[in-house]
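Below you'll find the structure, written out as structure tokens, and then a few comments.
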Amino acid sequence: MEALEQKILSEGTVLDGGILKVGSFLNQQLDVDFLIKMGEEVKRIYEGERITKILTIEASGIAVAVAVASVMHKNVVFAKKNKTSNLSGELFSAKVHSFTHGTDYTVTVPKDYLSKDDRVLIIDDFLANGNALNGLIDIVNQAGAKVVGCTCAVEKGFQGGGDELRKAGYRVESLAVIEKMSAECIEFRR
Ligand code: 5GP
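972 is the number of the first residue of the sequence shown in the working numbering; add one for each residue after it.
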């Protein structure tokens, strides 16, 4: 998505450790009009696919997911991050390794909110090594539901998580894919 690439170039900052900071529109302050434009792009990408639910992960996936859901008129379910893995049987749960914090956590979704009849579009803000998406895919599989696709606003292609998922047969459609980045320069996949 050209407009997203331009926004990343004009407002993004590359931090040490391969982190892109986009706090001005996606991760702290939310540019809601722009988020809705991203939602419209996601709707266009999945035109013709039957989607019953949007699934994301707290906290930073929620804004993009709500924008997509408001354009597609579907409900959003977000997986909660729990510190403990001592969980009741009423939850689907999966372990995720956090790229930004370097620790493991458990994500949970109440069984009431996903069923075998659901066709799920998974949304997140960033795709790096793919751990967050793999956790969400695990949860969809536990529900016996179908993953229609995975879309992140920004995929850091050089970390390989998106390509692994594509190889595994998932439809992964990121709105901007960064091939290379440094403090001086960001290059997108063409
Ligand atoms: P993964 O699980 O694919 O390795 O990493 C994706 C998750 O880590 C996303 O949910 C996102 O919150 C966070 N993340 C990974 N890389 C970045 C980054 O460069 N910038 C920001 N703001 N978050 C990131």
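Beta carbons are placed, not taken as given, at the ideal position from N, Cα and C, and that holds for glycine.
- G1120 is a Cβ neighbour of R1142, given a cutoff of 7 Å.
- As computed with DSSP, H1068 is found in a beta bridge with D1075.
- It is roughly 16 Å from the alpha-carbon of A1116 to the alpha-carbon of K1045.
- Look at the beta carbons and you see the region 1005 to 1015 not touching the region 1104 to 1115: under three pairs across the two are nearer than 8 Å.
- In the structure shown, A1030 adopts coil according to DSSP, grouped into three states.
- In this structure, ligand 1 has no non-hydrogen atom nearer than 6 Å to the beta-carbon of N1053.
- R1090 sits in a strand when the DSSP states are folded into three classes.
- In the structure shown, the three-state DSSP call for M972 is coil.
- F1097 has its CB nearer than 6 Å to a heavy atom of ligand 1.
- The residues E1144, in chain order, have a CB closer than 6 Å to that of I1016 in the same chain once the five nearest residues on each side in sequence are set aside.
- For L1104, the enclosing alpha helix (DSSP H) covers residues 1102 to 1114.
- Bridge pairing for D1083: absent [DSSP].
- Within the chosen limit of 6 Å, ligand 1 reaches the beta carbon of F1070 through at least one heavy atom.
- Checking the 6 Å criterion, the Cβ of S1031 is within range of a heavy atom belonging to ligand 1.
- Assignment of beta-bridge partners to E1158 by DSSP yields K1151.
- DSSP links A1050 through a beta bridge to I1028.
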